[in-house]
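*Asks:* Take a look at this one; I'll ask things after.
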Amino acid sequence: MNVLLENLIEVAPLFAEVLQQDVAIAISDMEQYLAFYETDTLKYPFPVGTKIKEAGFDYIIDEIYRTGEPVVDIVSREVTGSVDIKTIIAPVMDQGEMVGCISLSINIEKEAEFDNYASMLRMSVNAANKSIHNAGRKDLHTKQFEKMKGQLHDTL
Numbered sequence: 004m005n006v007l008l009e010n011l012i013e014v015a016p017l018f019a020e021v022l023q024q025d026v027a028i029a030i031s032d033m034e035q036y037l038a039f040y041e042t043d044t045l046k047y048p049f050p051v052g053t054k055i056k057e058a059g060f061d062y063i064i065d066e067i068y069r070t071g072e073p074v075v076d077i078v079s080r081e082v083t084g085s086v087d088i089k090t091i092i093a094p095v096m097d098q099g100e101m102v103g104c105i106s107l108s109i110n111i112e113k114e115a116e117f118d119n120y121a122s123m124l125r126m127s128v129n130a131a132n133k134s135i136h137n138a139g140r141k142d143l144h145t146k147q148f149e150k151m152k153g154q155l156h157d158t159l
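Taking our numbering, the leading residue of the sequence shown gets 4, the next gets one more, and so forth.
Here is the structure:
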């Protein structure tokens, strides 16, 4: 096994501590998964040693290999079966050669919950503004009606 990958496997548990978030970590070489660090809410659906191709993620590794850039994706709870996650998969380079990948899967459930509350608040404010606007228009129409009614009464 590549020495850099061995070192990553050794220090990976510290990432979760440093990030202070609900984060799972996967480390792979170019063929298979070498290590997983999971949490209570974030679990990988296959064991260490699973071939990347068997897991169905070879297309991502191919893209990272081709571009040399990390891949970032949001995966919904419908897909994960538990929580919404943001996944960042980055190449592990050793002397200019890609030797594997490290993947961080971050639980963004609280962030999604916050976004939902913000959206509901925005909708409530918009509804209140519309209601206030319509109430103002209603008052204007009522005044115009009363004025026209008075003019009609005066003419009769």
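For glycine and all other residues, C-beta sits at the position ideal for the given N, C-alpha and C.
1) Residue range of the beta strand (DSSP E) that N110 falls in?
2) Strictly by DSSP, which residues pair up with F60?
3) Using the rule of at least 16 other Cβ atoms within 10 Å of the residue's Cβ for burial, across every protein chain shown, is V21 buried or exposed?
4) Straight-line CA distance for E114 to I28?
5) How would you call N110, buried or exposed, if buried means at least 16 neighbouring beta carbons within 10 angstroms?
6) Since F18 sits in a beta bridge, which residues does DSSP pair it with?
7) Compute the beta-carbon to beta-carbon distance between L7 and V95, rounded to the nearest angstrom, for a pair I have assumed lies under 8 angstroms.
*Replies:* Quick look at the numbers:
1) 100-110
2) Looking at the DSSP output, F60 sits in no beta bridge, so it has no partner there.
3) exposed
4) 19 angstroms
5) Within a 10 Å sphere around the beta-carbon of N110 sit 16 or more other beta-carbons, which makes this residue buried.
6) BP columns for F18 are empty, so no partner.
7) 6 angstroms
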